[in-house]
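Novice: Taken in order, the sequence shown gives residues 2 to 231; the numbers are from my numbering.
Below: one structure in structure tokens.
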Amino acid sequence: MLQPFGPELWTVEGPVVDGMAGFRYPTRMAVIRLTDGGLFIWSPTALSPELRRETEALGPVRHIVAPNALHHMSLPDWHTAFPQALIHGAPGVNAKQPAIRFASDLGGDPHLAWAGDIRQVLVPNKIADEVVFFHRTSGTVIFTDLLQNFSRGWFTGWRGWVARLDRMIGSEPQVPRKFRLALRSATSKETLRQVLDWPAERVLMAHGTPVSSNAAEFLKKALHPVIVSN
Ligand SMILES: [Fe+2]
Numbered sequence: 002m003l004q005p006f007g008p009e010l011w012t013v014e015g016p017v018v019d020g021m022a023g024f025r026y027p028t029r030m031a032v033i034r035l036t037d038g039g040l041f042i043w044s045p046t047a048l049s050p051e052l053r054r055e056t057e058a059l060g061p062v063r064h065i066v067a068p069n070a071l072h073h074m075s076l077p078d079w080h081t082a083f084p085q086a087l088i089h090g091a092p093g094v095n096a097k098q099p100a101i102r103f104a105s106d107l108g109g110d111p112h113l114a115w116a117g118d119i120r121q122v123l124v125p126n127k128i129a130d131e132v133v134f135f136h137r138t139s140g141t142v143i144f145t146d147l148l149q150n151f152s153r154g155w156f157t158g159w160r161g162w163v164a165r166l167d168r169m170i171g172s173e174p175q176v177p178r179k180f181r182l183a184l185r186s187a188t189s190k191e192t193l194r195q196v197l198d199w200p201a202e203r204v205l206m207a208h209g210t211p212v213s214s215n216a217a218e219f220l221k222k223a224l225h226p227v228i229v230s231n
């Protein structure tokens, strides 16, 4: 269930979930073990007994993070299973999960508890502000929805056409067209420029093939069209 992706970093391929208008999405979460041994859970997927067992075997769950307001559905289950863990949400997440007491609102500055291990930027956009993380130990940049790629054939019929037009389908992950339009502010572009300063060795995203080689090159190519757009 938990797959090693880099030093002190694991991924989990979660179940396929239903999105808007009948679009179905594969889900992925990541687990980072911080230098103090505590776990940082990124974009948690459905919590099964097996996933819970494997996670607990890595260390104590200390932080659970919803990186944008579209990735929060499993927070209640994780909150119940790990009541001692602190929950952190990107802008808009707390309004969607009013029953949860959030320890912090995620922004561009890392929480002190993970500042030594993880950097982050808040990329504002008109769809869902997204916090992009960089795990230093593994050199991994972690995107949620700003980069995506689905295999040909994942969506069928008219959804396949829409996905192709939106650039959700391609040979490698790219910024979908709807996000290109949503990322037009100078602040959005500036924060993406900061992502390019990180010494990336790997790139993860919630929906798409992870990148494990030539990561810096890949990021430059994927983000450049957005950064230079008018
Ligand atoms: Fe997503």
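Just so it is clear, CB atoms sit at the ideal spot from N, CA and C, and this is done for glycine as well.
Computed from a prediction, not measured in an experiment: that's the story for all the values here.
CB-CB under 7 Å to Ile88, same chain, minus the five flanking residues each way: which ones, in chain order?
Specialist: Around Ile88: Ile65, Leu76, His80, Ile101, Phe103, Ala104.
Novice: Return the chain-ordered list of same chain residues with a C-beta closer than 7 Å to the C-beta of Gly23, the five sequence neighbours on each side being excluded.
Specialist: Result list for Gly23: Arg160, in chain order.
Novice: Could you say which of Asn126, Leu166, Gln85 lies nearest to Leu40 if we only look at CA atoms?
Specialist: With distances taken between Cα atoms, Leu40 lies closest to Gln85.
Novice: Given the structure, does Ala207 come close to ligand 1, in the sense that its CB is under 7 Å from one of the ligand's heavy atoms?
Specialist: Yes, Cβ of Ala207 sits closer than 7 Å to a heavy atom of ligand 1.
Novice: With 16 as the cutoff for other CB atoms within 10 Å, does Ser44 come out buried or exposed?
Specialist: Buried, since its Cβ has 16 or more Cβ neighbours within 10 Å.
Novice: Could you please give the first and the last residue of the uninterrupted alpha helix (DSSP H) stretch that includes Gln195?
Specialist: Taken as a continuous stretch (DSSP letters only), the alpha helix (DSSP H) holding Gln195 covers 187-198.
Novice: Return yes when the C-beta of Asp167 is under 7 Å from any heavy atom of ligand 1, and no when it is not.
Specialist: The answer is no for Asp167.
Novice: Rounded to a whole number of angstroms, what is the C-alpha to C-alpha distance between Pro16 and Gly209?
Specialist: Rounded to whole angstroms, Pro16 to Gly209 spans 14 Å at the Cα level.
Novice: Could you pull out every residue in the same chain whose Cβ sits closer than 7 Å to the Cβ of Glu55, ignoring the five residues on either side in sequence?
Specialist: The residues are Met2, Leu3.
Novice: Pair every Cβ in the segment 151-169 with every Cβ in the segment 118-126, then say whether three or more of these pairs are closer than 8 Å.
Specialist: They do not touch, by the three-pair rule.
Novice: Name the DSSP bridge partner or partners of His64?
Specialist: BP columns for His64 point to Phe41, Leu87.
Novice: Compute the Euclidean distance between the alpha carbons of Thr46 and Pro27, then round it to the nearest angstrom.
Specialist: Between Thr46 and Pro27, the C-alpha separation is close to 10 Å.
Novice: Would Ala91 and Glu51 qualify as a contact pair, given that the criterion is a beta-carbon distance under 8 Å?
Specialist: Contact: no.
Novice: Give the DSSP bridge partners of Phe134, in chain order.
Specialist: Note: Phe134 sits in a beta bridge opposite Gln121, Ile143.
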